[in-house]
Each structure stands twice: as C-alpha cells, then as structure tokens.
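For any residue, its number in my numbering is found by taking its place in the sequence shown, counting from 1, and adding 17.
Note that the Cβ used here is the ideal one computed from N, Cα and C, for glycine as well.
Keep in mind the model is a prediction, meaning the values are calculated, not measured.
Here's the structure, in structure tokens; my notes come after.
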Amino acid sequence: MPPPLPPPLHPGTHPAIRLAPRLTDWTLALCVGIAFATGLAGNLTGRSGGQWVFVLHGIAGFALVLFVVPKLRRVLPRLLHRSRWDRATAFGLAATVAVLLVVGTGNAWAGGAVLDLVGFNLLNWHITLGFALVTVVSAHMIARAKPLRRRDLSGRRQALRWLGIVGLGAAVWPVQAAGGASTHRFTGSRPLGMNPDGTPNTDWPPTSWVADAPRPLDPATWRLVVTGHVVTPLALSFDDLAAITAGTAVMDECAATLDCTGGFATTQQWRGTRVGTLLDHAAVRPGAGWVRFRAVTGYRWCLPLTEARDALIATHTVAQGEAVPLSHGHGGPARLVAPGRRGFQWVKWLVAVEVLTTPDLAEALAIHTSSFTPTGRGE
Ligand SMILES: Nc1nc2c(c(=O)[nH]1)N[C@H]1C(S)=C(S)[C@@H](COP(=O)(O)O)O[C@H]1N2
Ligand SMILES: [Mo]
18 MPPPLPPPLH PGTHPAIRLA PRLTDWTLAL CVGIAFATGL AGNLTGRSGG QWVFVLHGIA
78 GFALVLFVVP KLRRVLPRLL HRSRWDRATA FGLAATVAVL LVVGTGNAWA GGAVLDLVGF
138 NLLNWHITLG FALVTVVSAH MIARAKPLRR RDLSGRRQAL RWLGIVGLGA AVWPVQAAGG
198 ASTHRFTGSR PLGMNPDGTP NTDWPPTSWV ADAPRPLDPA TWRLVVTGHV VTPLALSFDD
258 LAAITAGTAV MDECAATLDC TGGFATTQQW RGTRVGTLLD HAAVRPGAGW VRFRAVTGYR
318 WCLPLTEARD ALIATHTVAQ GEAVPLSHGH GGPARLVAPG RRGFQWVKWL VAVEVLTTPD
378 LAEALAIHTS SFTPTGRGE
C-alpha cells in the first residue's frame with residue numbers, strides 16, 4: 018500500500034501560482050496602496066519629468082489583477098458555498114468587483130474608449146471607483162487582515178514566482194501604453210482645441226473644478242489687485258495690465274498645455290503679462306516665498322515665488338496670428354497660465370495676486386467650496 022499523499026497546501030491552487038496566502042493578500046493591499054498614491058499624485062503631475070508616476074500607476078494596476086488570480090483560486094471554494102460565508106465575505110466580493118471595474122475603466126480610457134455615463138466619462142468613473150476600491154479594501158482588511166510573518170516571505174521559489182508576477186505586470190504596461198499613445202498625453206488626457214492639421218484653435222469647452230459659475234466680469238470696471246508682501250500694492254485695470262508688459266508693444270506670450278484632470282488637454286499660445294514683470298512693479302519684499310492667485314469666487318491656488326514669476330496672467334489666446342480675448346468661460350478678463358501644472362491650478366476670473374511668506378494650505382478646501390458662495394453661484 019502506498020503511503021497516503023499529504024494534503025495539498027492550498028486546495029485548488031495551481032503550483033505555478035502558489036503563494037503564501039498572507040503574502041498574496043498583503044501584496045494585493047500594496048498594489049492598491051501604490052495605485053491609489055500614484056493616482057492621487059498623478060492629478061498634480063503635468064510635466065514630462067513626472068511621467069514615472071503614471072508608469073508606476075499602470076504597473077500597480079496590472080500587478081493587482083494578476084495577484085487577484087491566486088487569491089480567487091484560494092477563496093473560490095469558500096465563495097461558492099453559501100454556508101461558508103461570513104460578515105467579511107461581502108467586503109471581499111465587493112473588493113473583487115471593484116478591482117475589475119477600476120482596472121477595466123482605467124484600461125478602457127487609456128485604450129481610447131469613449132463612454133459618457135450620467136455625465137461621467139471613463140476617467141471620471143475610474144477615479145470615483147478607485148476611491149470606492151480603497152474604501153472597500155480597507156473595510157476588508159479591518160475585518161480580515163492577519164499579520165505577515167517571516168515564514169510567509171520565505172522560500173526562493175516563492176520569491177521567484179512573486180517577482181515573475183510583478184515582472185509580467187511591468188511587461189504588459191508598455192504594450193498598453195504604446196496602444197494608447199496616439200490618443201492621449203502621458204497624463205492620460207486627450208487633446209482638444211486642435212484643427213485636423215495639428216494647428217491649435219481656441220475652441221475647447223470651458224470646465225470648472227466643481228461648479229464655479231460667476232457672472233461675467235466687465236473688463237471696463239474689472240481690477241487686478243497685487244497685494245501682500247510687497248512694497249507697492251497695485252490695483253490695475255485691463256489697460257494698466259497690458260501697459261505693464263515689459264515696455265514693449267506686444268504682450269508676453271507662451272505656449273502651454275492646459276491639462277484637466279477630467280481627461281482633456283489643449284495646447285494654446287497664451288498672451289498676457291508675465292507674473293514676474295507684474296511683481297517687479299509691486300516690488301516683492303524680502304522673505305516672500307509664495308504667490309497666491311485668487312478668483313472672484315474665492316477659488317485660489319498658490320505657487321512658489323520662483324515658479325510663479327514664470328507664470329502668465331493671460332488675457333488672450335493666439336491662433337493663426339490673431340489674438341482672441343479670453344471668453345468668460347475660459348476665465349476672462351484674465352486667468353492664470355501655470356505651465357506644467359494641472360488645469361485645476363490655472364485659476365480663472367482672477368481678481369488678486371497675493372504675495373505670501375508661507376503657502377496657503379486652505380487652497381485645497383477653497384477650490385471645493387468656492388462654487389457654493391453667492392459669487393460662485395453667479396448671484
Ligand atoms: N476660478 C476658477 N478657476 C478654475 C476652475 C474653477 O472651477 N474656478 N476650474 C479649473 C479647472 S478644473 C480647469 S481644468 C481649468 C479649465 O479651464 P478652461 O475652462 O479654460 O478649459 O480651469 C481651472 N480654473
Ligand atoms: Mo479640471
């Protein structure tokens with residue numbers, strides 16, 4: 018009689034993908050964590066030097082799906098028997114569905130798919146579902162997570178398998194990225210405001226972060242105030258602002274890409290007044306380090322002084338040699354153009370430039386609340 022076989026380590030698991038259960042689970046948590054952190058950071062990244070954030074995001078996403086396979090193989094027998102369900106099973110199921118939806122929407126968007134579901138595009142859904150995934154996984158971990166032990170990490174073959182799965186995720190990513198490269202920037206945003214021949218046109222849809230919708234500002238009575246840590250505070254009319262520009266007939270210009278985290282990008286030739294020139298007129302006092310740009314609605318963002326100096330207070334876009342004043346929707350009479358920053362930082366309907374000694378940490382709150390002020394609602 019042959020001796021009885023030892024029970025398999027994890028019934029139903031193919032040996033090639035066998036990993037210690039706790040290693041699988043903590044790796045899944047790690048993938049979600051990395052994807053979440055890089056997803057958030059990506060919303061602040063607009064320069065090509067920040068491309069690695071998106072690369073890491075993509076690889077974490079693919080690795081996440083691949084590590085779900087051994088996880089499902091392990092828990093499937095439990096899932097298939099109603100009697101073995103418990104309180105935490107619902108979180109586990111929800112997490113699995115959320116992973117598939119988040120990775121599915123992310124890939125569909127990156128692959129160029131178009132979908133508008135209740136006013137949300139695939140990228141909007143990807144971000145919303147991403148938050149849901151993090152919530153569900155956190156709940157699942159609170160209900161079920163067990164500490165990782167030294168022995169969960171041991172074994173050369175297991176290490177090789179783990180690296181193999183991560184490597185596969187890293188290998189799939191460039192294939193997908195190459196597939197989508199023709200339809201979007203490295204941030205995932207798709208170009209708009211472009212003629213078929215590649216020249217820019219100034220026709221792209223206006224966007225707000227939440228719902229800022231002030232009444233149109235009358236350029237005849239509009240003033241831009243320059244205050245804060247300066248020697249000479251200024252209150253400039255539209256013509257004063259134009260006159261300040263470097264003593265030349267032509268205003269300052271720069272080509273820059275407005276890249277909205279909602280998924281579109283438009284590269285325009287912007288015309289206006291360089292912030293550095295403006296600040297020289299007001300004479301920045303020693304100790305200044307930040308510049309805050311404030312909209313009539315209270316929407317605001319600040320930039321470090323050196324970066325702010327190279328930004329533009331734009332009053333026009335230029336296409337085919339012709340300057341078009343910024344429409345109300347695009348922030349006229351004047352908006353901030355902050356090259357390399359994401360669209361939500363390009364404050365529209367500017368009324369104040371404030372020089373500060375410390376950054377304004379409440380800006381992240383202000384961009385969410387400005388739409389609910391009377392001015393933000395257009396009263
Ligand atoms: N005052 C103000 N400025 C704002 C916003 C806003 O809601 N209020 N939205 C920002 C966002 S999210 C983007 S993408 C750009 C959009 O600029 P556009 O409408 O010219 O495309 O403006 C930014 N500036
Ligand atoms: Mo945006």
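Taking 8 Å as the threshold, find out whether the stretch 183-190 comes into contact with the stretch 78-88 through three or more Cβ pairs.
Short answer: they touch.
DSSP state of Cys271, grouped into three classes?
Here Cys271 carries a strand assignment [DSSP, helix/strand/coil].
Please report how far the alpha carbon of Thr314 lies from the alpha carbon of Ala37, in whole angstroms.
Per the coordinates, the alpha-carbon of Thr314 lies some 55 Å from the alpha-carbon of Ala37.
So which of Val49, Trp102, Ala77 and Arg35 has the shortest CA-CA distance to Arg90?
Taking each of Val49, Trp102, Ala77 and Arg35 in turn and checking the Cα distance to Arg90, the smallest one comes out for Arg35.
For Val183, which three-state DSSP category applies?
Reduced to three states, the DSSP call for Val183 is helix.
With respect to the alpha helix (DSSP H) encompassing Ala77, which residues constitute its N-terminal and C-terminal limits?
For Ala77, the enclosing alpha helix (DSSP H) covers residues Gln68 to Leu96.
Residues proximal to ligand 2 by C-beta, any heavy atom closer than 6 Å
Those residues, listed in chain order, are Thr224, Trp226, Cys277, Thr278, Gly279, Gly360 and Phe361.
In the DSSP assignment, find the unbroken beta strand (DSSP E) run with Trp307 in it and report its ends.
Counting along the chain, the beta strand (DSSP E) containing Trp307 begins and ends at Trp307 to Ala312.
Could you spell out where the beta strand (DSSP E) holding Val376 opens and where it closes?
Reading off the sequence, residue 376 comes out as Pro, not Val. According to the DSSP assignment, Pro376 belongs to no beta strand (DSSP E), since it is labelled neither H nor E.
Just to confirm my understanding: we take Asn218, look at its own chain, exclude 5 residues before and 5 after, and list those with CB closer than 8 Å. What are they?
Contacts found: Gly210, Met211, Asn212 and Ala336.
Proximity test, Trp221 beta-carbon vs ligand 1 heavy atom, cut-off 7 Å
Yes.
Taking DSSP as the reference, what is the three-state secondary structure of Phe217?
First, the amino acid is wrong: residue 217 is Pro here, not Phe. If DSSP states are grouped into helix, strand and coil, Pro217 belongs with the strands.
My output table needs one value for Val131: the three-state DSSP class, helix, strand or coil.
DSSP places Val131 in coil when its eight states are reduced to three.
CB of Phe71 within 8 Å of CB of Thr200, strictly
It is not a contact, given that the beta carbons lie outside the stated cut-off.
Cβ neighbour criterion (16 or more within 10 Å) applied to Phe281
It counts as buried.
Around the C-beta of His98, are 16 or more other C-beta atoms found within 10 angstroms, so that it is buried, or is it exposed?
Exposed, since its Cβ has fewer than 16 Cβ neighbours within 10 Å.
Taking all protein chains shown into account, decide if Ile144 is buried (16 or more other Cβ within 10 angstroms of its Cβ) or exposed.
Answer is buried; the Cβ neighbour count reaches 16.
Assuming the contact rule is C-beta atoms closer than 8 Å, Leu367 and Ala299 should be a hit. Round their C-beta distance to whole Å, please.
So it is not a contact: roughly 15 Å between Cβ atoms.
Does the distance from the CB of Trp318 to the CB of Glu380 come in under 8 Å?
A contact, by the Cβ cut-off of 8 Å.
Within its chain, find whatever has a CB closer than 7 Å to the CB of Val154; leave out the 5 residues flanking it on each side and keep chain order.
Sequence-distant partners of Val154 (beyond 5 residues in either direction) whose C-beta falls short of 7 Å from its own C-beta, in its chain, are Ala46, Val49 and Ala112.
Starting from Ile330, follow its DSSP beta bridges and name the residues at the other end.
DSSP lists Thr290 and Leu353 as the beta-bridge partner residues of Ile330.
Can you tell me whether DSSP reads Leu251 as helix, strand or coil?
It is a strand residue.
Just the Cα atoms here: how many angstroms apart are Gly304 and Glu371?
Gly304 and Glu371 have their alpha carbons spaced roughly 14 Å apart.
Nearest neighbour of Gly241, chosen from Phe310, Leu180, Cys277 and Pro222 [CA to CA]
Strictly speaking, residue 241 in this sequence is Leu, with Gly absent from that position. Per the C-alpha coordinates, the member of Phe310, Leu180, Cys277 and Pro222 positioned closest to Leu241 is Phe310.
For Ala230 versus Gly395, is the C-beta spacing smaller than 8 Å?
Yes, these two residues count as a Cβ contact at 8 Å.
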